[in-house]
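Below: one structure, written as structure tokens.
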Amino acid sequence: MLLGVDVGGTFTDAALLTGEGELVTAKAPTTPDDQSCGAIAAVEAVLEQAGAHARVVERFVHGMTVGTNALLEQKVARTALLATEGFTDLEELGRQARAELYRLCAGHPPPLVPAELRVAVAERTGPEGVLRELDEDQLRARLSDLAEEYGHGPLEAAAICLLWGFRHPEHERRCAQVVAEVAEQVHVSTSHETAGVFREYERCATTVVDAALSPPTRRYLGRLLDRAREAGLPAPEVMLSGGGVVDAGTAARHGSWTVLSGPAGGAVGAAYRAGQAGAPDAVCLDMGGTSCDVSVTLGGGVATAGLREVGGRALAVPMVDV
Numbered sequence: 000m001l002l003g004v005d006v007g008g009t010f011t012d013a014a015l016l017t018g019e020g021e022l023v024t025a026k027a028p029t030t031p032d033d034q035s036c037g038a039i040a041a042v043e044a045v046l047e048q049a050g051a052h053a054r055v056v057e058r059f060v061h062g063m064t065v066g067t068n069a070l071l072e073q074k075v076a077r078t079a080l081l082a083t084e085g086f087t088d089l090e091e092l093g094r095q096a097r098a099e100l101y102r103l104c105a106g107h108p109p110p111l112v113p114a115e116l117r118v119a120v121a122e123r124t125g126p127e128g129v130l131r132e133l134d135e136d137q138l139r140a141r142l143s144d145l146a147e148e149y150g151h152g153p154l155e156a157a158a159i160c161l162l163w164g165f166r167h168p169e170h171e172r173r174c175a176q177v178v179a180e181v182a183e184q185v186h187v188s189t190s191h192e193t194a195g196v197f198r199e200y201e202r203c204a205t206t207v208v209d210a211a212l213s214p215p216t217r218r219y220l221g222r223l224l225d226r227a228r229e230a231g232l233p234a235p236e237v238m239l240s241g242g243g244v245v246d247a248g249t250a251a252r253h254g255s256w257t258v259l260s261g262p263a264g265g266a267v268g269a270a271y272r273a274g275q276a277g278a279p280d281a282v283c284l285d286m287g288g289t290s291c292d293v294s295v296t297l298g299g300g301v302a303t304a305g306l307r308e309v310g311g312r313a314l315a316v317p318m319v320d321v
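In numbering that gives the first Met the number 0, the protein residues as written are 0 to 321.
In structure tokens, the structure reads:
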């Protein structure tokens, strides 16, 4: 049997596909303080309705809104940014374009990394390779100062984004090693792994979001794994913003990849049903209690985008275009 669980703003839905091809569904109220409680409650309801036991579930796929909520509500991990000297303010500077062109006092979302946690890395890499070697001693001293000033508790994550790091990632890797030496409990996101794309601001913003969301995502998935294990369920696979799935460990390491986890599941499911109905080109609408998501299916596939804004923040990761 195949089990799917989607967490919405109001309800958590569970769908069970039996070996005979029957689809059984159930709902449970979403539990905002800990979404894993509502998820397991929905699973128990659908298993009871189907007259099945958790041990017969072969696969458990999960769509969640933990990352979305944390980003929109600014409930993210305390994060440091390691960037090439002269470029530590990239996330705050952003692009010149603004959404409300004629509003002279238009605001921008506050940076996720405060100025005191931005670390200037003494190094320089160009398109052809290293121009200035990384000063590891200086970096280690700066990180040690941060660890002493804020303690290991408050500093939960570090985003590393160096110029041309997507093409020559050696310095980013070495920075990650230094962070691990100085503060081993701190989560590290590097730009070449998170969003290895051209354009500094988008890559930096995505890496910062990834670092800031990974700790809360990891904590949530850890609780869900524990509850799933207690219930006799297999380990959950997590829906990605682009419509695919990964294991929970990968999702926990890259919080930015699941920002649109929930809406992506609805878009992929709607595209599948549209194809079954003989409509490979369709407009799909997913209405919940909190929001209404609209996507487009073209030739049987869900339209995706490689760059989007969520909560006013650029994300250069594959996402379903909803």
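Every residue gets a Cβ at the ideal spot worked out from N, C-alpha and C, and that includes glycine.
In or out: residue i buried (at least 16 other Cβ within 10 Å) or exposed?
i    : result
A250 : buried
V301 : buried
F197 : exposed
G265 : buried
E308 : exposed
D209 : buried
T29  : buried
R131 : exposed
E72  : exposed
P215 : buried
G62  : buried
Please go through the same chain and pick out, in chain order, the residues whose beta-carbon is closer than 8 Å to the beta-carbon of residue i, but skip the five residues on each side of it.
i    : result
G128 : H167
E329 : Past the boundaries of the shown model lies residue 329; the chain is included only from 0 to 321, so the question cannot be answered.
V245 : E236, V237, L239 and W256
V118 : A79, L80, L81, A82, T87, L138, R141, L142 and L145
Does residue i come out as helix, strand or coil in the three-state DSSP assignment?
i    : result
P262 : helix
T206 : helix
E47  : helix
R77  : coil
V4   : strand
D12  : strand
G62  : strand
R228 : helix
V55  : helix
L306 : coil
A69  : helix
A313 : strand
Among the residues of its own chain, which have a CB less than 7 Å from the CB of residue i, if the five just before and after it don't count?
i    : result
V282 : V293 and V295
R202 : C160, F165, S190, A194, V196 and A315
A25  : A13, A41, A44, V45 and Q48
D33  : R222
Below 6 Å CB to CB, which residues in the same chain sit around residue i once its five sequence neighbours on both sides are set aside?
i    : result
L133 : E122, H170 and R173
A270 : T296 and V301
**OP:** Just list the alpha helix (DSSP H) runs in the stretch 83-129, keeping only unbroken ones of 4 residues or longer that don't cross its boundaries, in chain order.
**Re:** 89-92
Subject >> 3 or more residues per run - each beta strand (DSSP E) lying fully within the stretch 130-196 >> reply: Within the stretch 130-196, the runs of beta strand (DSSP E) at least 3 residues long that lie entirely inside it are, in chain order, 156-160 and 186-189.
**OP:** Check whether the stretch 222-235 touches the stretch 290-306, taking contact to mean three or more Cβ pairs, one atom from each stretch, closer than 8 Å.
**Re:** no
Subject >> Stretch-stretch touch, CB-based, cutoff 8 Å, three pairs: the stretch 91-109 with the stretch 34-41 >> reply: no
Original post:
Along the chain, which unbroken stretches of the alpha helix (DSSP H) at least 4 residues long are found entirely within the stretch 251-302?
Top reply: 260-275
Original post:
Is the stretch 177-185 touching the stretch 107-115 in the sense that three or more CB pairs, one from each, lie closer than 8 Å?
Top reply: The stretch 107-115 is not in contact with the stretch 177-185.
Subject >> Start-end ranges of the beta strand (DSSP E) lying completely within the stretch 14-41, minimum 3 residues >> reply: If we require 3 residues or more, the beta strand (DSSP E) runs fully inside the stretch 14-41 come out as 22-28.
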